[in-house]
Amino acid sequence: MKSNTRILIIGILAIVLTAGAAVGMYANSRLSKVERVEIDEEELQISEELDEELKDEYLNVAVFGVDIKDGESDAVYVASLNRTTKEVRLLPVYGNTLMAHGSETLRMKEAYADGGAEEAIAVLNENLELNIKDYVSVNFEAMVDMIDILGGIELDITEEEIPHVNGYAQDIAGWLGKEEKEIRSAGSQLLDGIQATGYCRIRVTDGGDVKRGSRQQEVINKMMEKLKDAGFSQLDQIIDVVFPQVETSFDKSEMVSYGKDAAAYSLTILPAFPREIKEQVRKPEEEGVQFTDYEEIVEGISFEKDVADVHDELF
1 MKSNTRILII GILAIVLTAG AAVGMYANSR LSKVERVEID EEELQISEEL
51 DEELKDEYLN VAVFGVDIKD GESDAVYVAS LNRTTKEVRL LPVYGNTLMA
101 HGSETLRMKE AYADGGAEEA IAVLNENLEL NIKDYVSVNF EAMVDMIDIL
151 GGIELDITEE EIPHVNGYAQ DIAGWLGKEE KEIRSAGSQL LDGIQATGYC
201 RIRVTDGGDV KRGSRQQEVI NKMMEKLKDA GFSQLDQIID VVFPQVETSF
251 DKSEMVSYGK DAAAYSLTIL PAFPREIKEQ VRKPEEEGVQ FTDYEEIVEG
301 ISFEKDVADV HDELF
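Numbers 1 to 315, taken from the numbering used here, label the letters of the sequence shown in order.
Right, here's the structure in full:
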């Protein structure tokens, strides 16, 4: 995968926090548009062992893409920055993964809906034995706006995907009060923000959550390609329109500090967690429901091994 030498990408749409690096310190005055939220480290289930081992060599950050309808986080990433080498490794986590949380079990995406970023970080730390202390969250409306500002993205749509992209696009347009356009034929074509976001949500085709994760990564990659060539006016628009839809625990000085090194960062996207999952099954057919979706559960087979592998790859 290509590295973006102008903009730090630490997850889906987290790029907006440092997009200003490409237009200089001018962006510093605009960071007040980003909502800052304090979180209590005592509630984060931080792995003290890993924290002591890594010290200040790595910065681990949770990145959440939040559903505009129900507040769940369908897109979940762990971004790990090596402060010395400037490498960023991005670990996707399936939003439907069954996770332990104290004496309970819940899906990863529900943690955000139930308790916000603080609870979602605690679930990640508890299950992946991490020391995440900060986060960035962006709602999917920001993704729609950003893709539109960039002039859309080219995607290859199959016949099977057409009704699902159109169906999700109709829903998203309704939630946002915008007009949707229909895809009428298969093949490579330019999708606007609503259509591309609809594409990211498809999980009813073969592959279920695994395929949905690969679609999300494909859209991120396409956005990265567009951002590499974005001009000042486009980045300025992104700052104005998208920054107000971003929430983070970082303060302004931290955002500026990480943003100033943006040109030095490289990015690697790791295979999603959990690595081995039980075969997903489809829901029973329902009268009046045209497409039978998969059960919204991703269940890991060997969490302990997967966690060990993830640690080896991140650090």
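No residue lacks a Cβ here, since even glycine has one placed at the ideal position from N, Cα and C.
(message) Which of the three DSSP states is assigned to A142 in this structure?
(response) helix
(request) Thinking S266 and K86 are a contact (beta carbons under 8 Å), I'd like their distance in whole angstroms, please. (result) Going by Cβ atoms, the distance from S266 to K86 rounds to 7 Å, so yes, they are a contact pair.
(request) Let me know if F291 comes out buried or exposed under the rule of 16 or more other beta-carbons within 10 Å of its beta-carbon. (result) exposed
(request) Inspect the beta-carbon positions of I324 and M146 and report whether they are closer than 8 Å. (result) This structure does not reach residue 324, given that the chain is present from 1 up to 315, and the question cannot be answered.
(request) Give the DSSP-derived three-state secondary structure of K109 in the structure shown. (result) helix
(request) Please confirm if E254 has its CB atom under 8 Å from at least one CB of chain B. (result) Looking at the structure shown, chain B is missing, and only one protein chain is on hand.
(request) Check whether the Cβ atoms of V310 and L124 sit closer than 8 Å, and answer yes or no. (result) Result no, Cβ atoms of V310 and L124 do not sit closer than 8 Å.
(message) Does the segment 274-288 come into contact with the segment 35-53, if we say contact requires no fewer than three beta-carbon pairs (one atom in each stretch) closer than 8 Å?
(response) Judged by pairs of C-beta atoms under 8 Å, the segment 274-288 does not touch the segment 35-53, as fewer than three such pairs exist.
(message) Using only the alpha-carbon positions, how far apart do G71 and R107 sit?
(response) 13 Å
(request) Can you grab the Cα-Cα spacing for the pair D312 / G177, in whole Å? (result) A straight-line Cα-Cα distance of about 45 Å links D312 and G177.
(message) By the DSSP assignment, the beta strand (DSSP E) with F64 in it spans what residues?
(response) F64 -> beta strand (DSSP E) spans 58-66.
(request) On a CA-only basis, which of Y94, G174, A169, W175 is nearest E182? Give me that one, please. (result) A169
(request) Determine the direct distance from the alpha carbon of L54 to that of D240, and round the result to whole angstroms. (result) 36 Å
(request) Specify the secondary structure class of L44 as computed by DSSP and reduced to three states. (result) coil
(message) I'd like to check one pair, Q195 with V165: are the Cβ atoms closer than 8 Å?
(response) By the CB criterion at 8 Å, V165 and Q195 fall inside the cutoff.
(request) Could you please give the first and the last residue of the uninterrupted beta strand (DSSP E) stretch that includes R374? (result) Residue 374 lies beyond the residue range present for the chain, which begins at 1 and ends at 315; the question has no answer from this structure.
(message) Tell me whether the segment 131-149 and the segment 94-102 touch, counting them as touching only if at least three CB pairs, one residue from each stretch, are closer than 8 Å.
(response) Contact fails: fewer than three Cβ-Cβ distances are below 8 Å.
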